[in-house]
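**Student:** Okay, handing you the structure first.
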Amino acid sequence: MDRTKAARSAPGAGTSSTYLEAPRRNRGSSVRSTAPRRTGAVMSFTLHATTARRPGPGAHRPARGGLAAQLAALVVASLAAALVAWPPVPARAAIGARRVAGGLDRPVAFTFDPRGRIWYLEKDTGEVRILRPGAGDRRFFLVPGVNGEGERGTLGIALHPRYPDRPFIYVYATREVGGGLRNQILRLTDLGGRGGRMRVLFSAPASSSPYHNGGRILFGLDGMLYAVIGDAHDPANAQQLGDRRGKVLRMTPSGGVPPDNPLGDRLAYAFGIRNSFGLAFDPRTGALWETENGPECNDELNLILPGENYGWGPSETCAGEGPANTNRDGPSPELPVLWWEVPVAPTGIAFCDGCRLGARSEGALFFGAANTGDVRRVVLNAARDGAVGQRVVYSHPGPVLSVEVGPDGRIYFSDFGGIFVLVRS
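Quick note: the sequence shown uses our numbering, first residue 394, plus one each step.
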């Protein structure tokens, strides 16, 4: 699905940034959605930073290896210091990308298994596919009833941390069920290379609007499954603890509520979330990080703390000073570590821990941007709870979607037609 960024109104909100369908092209092709505005050699996006709190004792450690860290959540951020603003430094030629597989059909989410195979989703068709780089791919399972309009579809995938001994594959999908639309987390069983025994672990109503579905899922080192759920195009949902939308969720591998969840007998791990396409754990600290798409302002990078409120709600506005103007609802709202006044549509996140991109990249956070078609590197401070700089390290000719760490430690990403790996030029 080739998409372009456009403005759209949300219930109870101002104008929000969403994706609209562009004319469908041949399978495997993609087009850059929105070119960044530039002033001279430097992009004119304004980026801001705050200093974040360290994760408390309730923070959970991530799954190792980076693969299960497919879409995880963040560790929270709060204001403690003066705000800093700087534009992203434009890309140098030191980092490039090599195509791993092309001719794919909208692989918006993927992960790796211990054998190095890539499991990916076709957003619109509901197909779960297995790819052996250099040897082709095949269908593993077809999720029934998938609705792929707008931001709906098959959106997130994770493998059980003990796969293949525990042969379970988890998929987040928007489905037509009983005459209505539901965002669901499904568990599939690998039956000798074919999927079966589909079980619904989680289900929440999807909006009549095809936007704000969230969909990223991944396992933490604690063995729990984390998921980010969009607000279903209604900001009020994000502040209602009895509603699972607009939340980061934490559940057992069978879909139950862990006894140590921070908000009582609820799946909610953090709330006040608008819409997210990126979730990952820092392998050095166990902190959970999230990218969040704002309305026509204030895209965010958040550090997710257990039980905290990230402030999105019905009183949001792009008027006034950011980021508090879109992070103002509910008790003691946490503010983002970084935010962008002009939307860049941040997507997947991955951390460099032996990614072979040079000394400057070691320990850094990488994320994709759909609007600008680039991969950005964020250097964290010594405490790894704030940011000290950002650079565009690679410019891609199309939107960057899922960003993952492979079993070789390298950073991989997808666009609407293929999967790529970042390499030193």
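Glycine included, each C-beta is placed from N, C-alpha and C at the ideal position.
All figures in this text were calculated on a predicted structure; none of them were measured in a lab.
Starting from N576, trace the beta strand (DSSP E) in both directions and tell me its first and last residue.
**Tutor:** Run containing N576: G573 to D583, per the beta strand (DSSP E) assignment.
**Student:** Does the segment 736-749 touch the segment 678-693, meaning 3 or more C-beta pairs lie closer than 8 angstroms?
**Tutor:** Result yes; three or more Cβ-Cβ pairs closer than 8 angstroms.
**Student:** Could you tell me the distance, in whole angstroms, from the CA atom of T547 to the CA atom of G527?
**Tutor:** Their backbone Cα atoms lie some 25 angstroms apart in a straight line.
**Student:** Hey, which unbroken runs of the beta strand (DSSP E) at 3 residues or more fall wholly within the segment 680-732?
**Tutor:** List check, beta strand (DSSP E) in window: 681-685 and 692-697.
**Student:** Whether or not the segment 744-754 and the segment 796-813 are in contact is what I'm after, with contact meaning three or more pairs of Cβ atoms, one per stretch, closer than 8 angstroms; do they touch?
**Tutor:** Touching, per the Cβ criterion.
**Student:** Tell me, please, which residues DSSP counts as bridged to K640.
**Tutor:** Paired residues: I622 and F664.
**Student:** Indicate the three-state DSSP secondary structure (helix, strand or coil) for Q632 in the structure shown.
**Tutor:** Reduced to three states, the DSSP call for Q632 is helix.
**Student:** Considering only residues of the same chain and omitting the five flanking positions on each side of S725, which have a CB-CB separation below 7 angstroms?
**Tutor:** Closer than 7 angstroms at Cβ, skipping near neighbours: N702.
**Student:** Kindly list the residues whose CB is nearer than 6 angstroms to the CB of R532, restricted to its own chain and excluding five residues on each side of it in sequence; keep chain order.
**Tutor:** So the list reads E520 and R522, once near-sequence residues are dropped.
**Student:** In angstroms, rounded to a whole number, what distance separates the CA positions of N540 and G607?
**Tutor:** Answer to the nearest angstrom: the Cα atoms are 14 angstroms apart.
**Student:** Could you give the DSSP three-state label for A788: helix, strand or coil?
**Tutor:** The residue asked about is misnamed: residue 788 is Ser in this sequence, not Ala. Looking at S788 - three-state DSSP - the assignment turns out to be strand.
**Student:** Spatial neighbours of G782 within its chain, please: C-beta separation below 6 angstroms, excluding the five flanking residues on both sides.
**Tutor:** Contacts found: V772.
**Student:** Identify the continuous beta strand (DSSP E) that holds V798 and give its terminal residues.
**Tutor:** First-last of the beta strand (DSSP E) with V798: V796 to V798.
**Student:** Counting along the chain, where does the beta strand (DSSP E) carrying P739 start and finish?
**Tutor:** Segment P739 to F744, the beta strand (DSSP E) holding P739.
**Student:** Could you tell me which of L634, F670 and S596 sits nearest to P655, measuring between CA atoms?
**Tutor:** Closest by alpha carbon: L634.
**Student:** Would you report the Cα separation of V477 and F534, rounded to the nearest angstrom?
**Tutor:** Low per-residue confidence applies at V477: pLDDT is 36, beneath 50, and the placement is therefore not dependable, though the value from the model is reported in the following sentence. If I take the Cα positions, the gap works out to 48 angstroms.
**Student:** Using 8 angstroms as the Cβ pair cut-off and three pairs as the minimum, do the segment 583-593 and the segment 665-678 touch?
**Tutor:** In short, these stretches do not touch, since the Cβ pair count stays below three.
**Student:** When the cut-off is 8 angstroms and only beta carbons count, does V814 lie next to chain D?
**Tutor:** Absent from the structure: chain D. Only one protein chain is present.
**Student:** For S807, count the other beta carbons within 10 Å of its own beta carbon; 16 or more makes it buried, fewer makes it exposed. Which is it?
**Tutor:** Burial call: buried.
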